[in-house]
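Below: the structure, in structure tokens.
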Amino acid sequence: MNLANRITIARIFLIPVILFFLLIRFEFGNFTIGGYTITVSEIIAALVFIIAAATDGLDGYIARKRKLVTNFGKFLDPLADKLLVTAALVALVEMQRIGAIVAIVIIFREFVISGLRTIAASEGIILAASKLGKIKTAFQIIAISALILHNFPFAYIGFPFDQLMLYAAVIVTIWSGADYLWKNKHVILSGRI
């Protein structure tokens, strides 16, 4: 169990903390911004979510820099990312900040690509992550953070940054999934998986 893997595990353990502060309503320290009320618990949830998301780059950097790349880390790191995003999306659906169809599209893409990578890995085929996948994750993190914070600070000027980022995240999610399947079609069609 090296440092990079510990950071990845910490990201997974932060998920219940985020959900606790998102779904449990505390009646203290509310702020009204652009007609929406933000609670201190939502601010805490957003901060913990951003910290958890930032650890994704950190654990990968440490693993590569210190030559600590392990099969456990290769498996757990993308799983931790998907658990973090999926948990946040489901909570946002519960809070009625996004529609269920948006969450379903994003989660469906994650399951399809993860399933493909897992099956390929079981056959000894490594399907590398793409740069577009990292861009997709960045859009998802920004959109989720903005939604948790009721579009702060853009709500002050009435600019729908959170919704624009959400739709951009959906578009990039679909695009990156299609791109991933296209680039690996030779493996899919080969009958090796």
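According to my numbering, the stretch in the sequence shown is residues 18 to 210, in order.
Glycine residues also receive a C-beta, built at the ideal position from the N, C-alpha and C atoms.
The Cβ atoms of A160 and A186 lie closer than 8 Å to each other. With respect to L39, A71 sits apart: the two C-beta atoms are not nearer than 8 Å. Per DSSP, the beta-bridge partners of I55 are F48. Contact between the stretch 163-174 and the stretch 117-128 is not established, with fewer than three Cβ pairs separated by less than 8 Å. Rounded to the nearest whole angstrom, the C-alpha separation of K99 and V107 is 12 Å.
Take E59, set aside five residues on each side of it, and the residues of its chain with a beta-carbon closer than 8 Å to its own are F38, L39, I165, L166 and H167, in chain order.
Apart from sequence neighbours up to five positions away, the residues of its chain that approach Y53 with a beta-carbon distance below 7 Å are H167 and A172, ordered along the chain.
The C-alpha of I191 lies about 32 Å from the C-alpha of K82.
In this model, I152 and L20 are separated by some 25 Å (Cα to Cα). Shortest Cα-Cα distance from L183 to any of S131, I205, V110 and G90 involves V110. Excluding the 5 residues flanking it on each side, T103 has same chain C-beta neighbours closer than 6 Å at I124, in chain order. For V86, there is no enclosing alpha helix (DSSP H), as DSSP marks it with neither H nor E.
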